[in-house]
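Take a look at the structure set out below.
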Amino acid sequence: MTSAGPADFLNRLEIECPVVQAGMAGGVARGELAGAVSAAGGLGTVGMMAPTAFASALKDAHRRAPRRPVAANLLVPFIRQAHVRACVDESAALVVLHGGVAPRWILRLRERGLTVLVTIGTRQQALQALAARADGLVVQGSESGGHLLGVQPIQQALPEVLQAVGDTPVLAAGGAAGAQDVRRLLDLGAAAVVAGTRFLLTEESRAHPDYKHRLLDAERTIATRLFGVGWPLRHRVIANGATERWCASDDLGPPIARLASRASAPLGRIVPLGAMGALARVQRVGLPFFSPALPLAGMAADSVDRCALYAGDTVRRLHDVIPAALALERLAPG
Ligand SMILES: Cc1cc2nc3c(=O)[nH]c(=O)nc-3n(C[C@H](O)[C@H](O)[C@H](O)COP(=O)(O)O)c2cc1C
47 MTSAGPADFL NRLEIECPVV QAGMAGGVAR GELAGAVSAA GGLGTVGMMA PTAFASALKD
107 AHRRAPRRPV AANLLVPFIR QAHVRACVDE SAALVVLHGG VAPRWILRLR ERGLTVLVTI
167 GTRQQALQAL AARADGLVVQ GSESGGHLLG VQPIQQALPE VLQAVGDTPV LAAGGAAGAQ
227 DVRRLLDLGA AAVVAGTRFL LTEESRAHPD YKHRLLDAER TIATRLFGVG WPLRHRVIAN
287 GATERWCASD DLGPPIARLA SRASAPLGRI VPLGAMGALA RVQRVGLPFF SPALPLAGMA
347 ADSVDRCALY AGDTVRRLHD VIPAALALER LAPG
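Just so we're aligned, residue 47 is where the sequence shown starts under the working numbering, counting upward by one.
Structure, rendered in structure tokens:
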């Protein structure tokens, strides 16, 4: 697929609407959300979880969207061979990687017949991903919510990457709240547009109800390293108890938190993803050591102040929690 070009990319996926729901890890984007988006004609994505839950969420998404493509998202430091097996067994239409260019995993996924897209933030990372034989790229703008590789707004990052990678399909992530945003990115040359925050604010997303509620009132986001234990990337979040306590003078968070984030980077390769959820249950607003786990439905109410409230800048323009099919309809470029 490497030299196939954007139009062919959509044809192969057989999606009616060039909008991809971002895979959101930790249990936010399960079969319910991914299945609803795929059934409505977009491309739904199951976010990363422990391998068994991940496999059953892919199966569930396919059950909800029979004969439609469903994608899978994997966070590089936490990938295990069982995730690869789940993608193969459950026929993931695409596997989107985030959190680094990992030639070993790209190779293993491709050897099993899967199509692999790598998320990047810069032109240099784009070239690294292609050298590692990624089938395509997701370029992430700095306004994106959640795990953040983007360093420039998508309107600047996308043309730069497109210029560097020729015919390779490039998806654009960041800043898509409505149809006009999607149209603008397609006109710039994106093969499809990835939206996270819009789909976070849907009935099918498993984010904690209070988290969704806070998103509706949010007026600003910050990019921080505060939620970096075991995952040393920046994250774009809205304010909560943890950021108010630790990011008042510097959005990135205090030096001790950044040090802990760097020092704990190898953890992802050693401990399973589920351990991050366990850490989330014990972390406290008063201690600057926070995992990247986010508050899910069913967690205690105070998790909304102790865990990361991921959101992109689009949050300022999104004011409702709606069914995923309606979110897709509002993003559809026509
Ligand atoms: C709640 C949330 C969780 C996210 N988790 C992931 C993830 O697990 N893997 C990933 O590749 N990207 C993740 N992202 C980033 C998205 O893939 C995408 O780049 C981003 O949502 C696009 O910007 P937008 O939020 O403005 O639509 C997440 C984003 C959000 C909002």
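Here a beta-carbon is modelled for each residue, glycine too, at the ideal position from N, C-alpha and C.
Please report the residue range of the beta strand (DSSP E) in which residue i lies.
i, result
"A218", "216-219"
"H254", "It is not in any beta strand (DSSP E) - H254 carries neither H nor E in the DSSP assignment."
"A269", "268-270"
"G192", "192-194"
Residue i bridges to which residues according to DSSP?
i, result
"L143", "L120, V164"
"I302", "DSSP lists no partner for I302."
"H281", "H193, T270"
"A238", "L217"
"Q186", "A219"
"L26", "This structure cannot speak to residue 26, because the chain is shown only from 47 to 380."
How far does the alpha helix (DSSP H) with residue i in it reach, from first residue to last?
i, result
"T243", "243-246"
"Q329", "Careful: Q329 lies outside any alpha helix (DSSP H) and carries neither H nor E."
"V207", "200-211"
"V350", "349-352"
"G287", "287-292"
"I152", "149-157"
"V228", "225-233"
"L176", "169-177"
"R363", "Run containing R363: none; DSSP gives neither H nor E here."
"L372", "370-377"
Between residue i and ligand 1, is there a pair consisting of the residue's CB and a ligand heavy atom that are separated by less than 7 Å?
i, result
"H365", "no"
"T243", "yes"
"Q174", "no"
"H193", "yes"
"Q202", "no"
"E265", "no"
"S190", "yes"
"V83", "no"
"H144", "yes"
"T98", "no"
"G380", "no"
"Q186", "yes"
"A324", "no"
"T270", "no"
"L319", "no"
"G358", "yes"
"A68", "yes"
"L59", "no"
"N286", "no"
"V240", "yes"
"G73", "no"
"T165", "yes"
"L340", "yes"
"L231", "no"
"G274", "no"
"L121", "yes"
"L160", "no"
"T180", "At residue 180 the sequence reads Ala, which differs from the Thr that was named. Checking every heavy atom of ligand 1 against the Cβ of A180, none is found closer than 7 Å."
"L377", "no"
"A80", "no"
"A219", "yes"
"A222", "yes"
Report whether the distance from the Cβ of residue i to the nearest heavy atom of ligand 3 is below 7 Å.
i, result
"M94", "Inclusion of ligand 3 in the displayed structure is not the case, the ligand content consisting of ligand 1 alone."
Using a beta-carbon distance below 8 Å, is residue i in contact with chain C?
i, result
"V240", "Included in the structure is just one protein chain, with no chain C present."
Enumerate, from N- to C-terminal direction, the unbroken beta strand (DSSP E) stretches of 3 or more residues contained entirely within the stretch 54-137.
65-67, 90-92, 116-121
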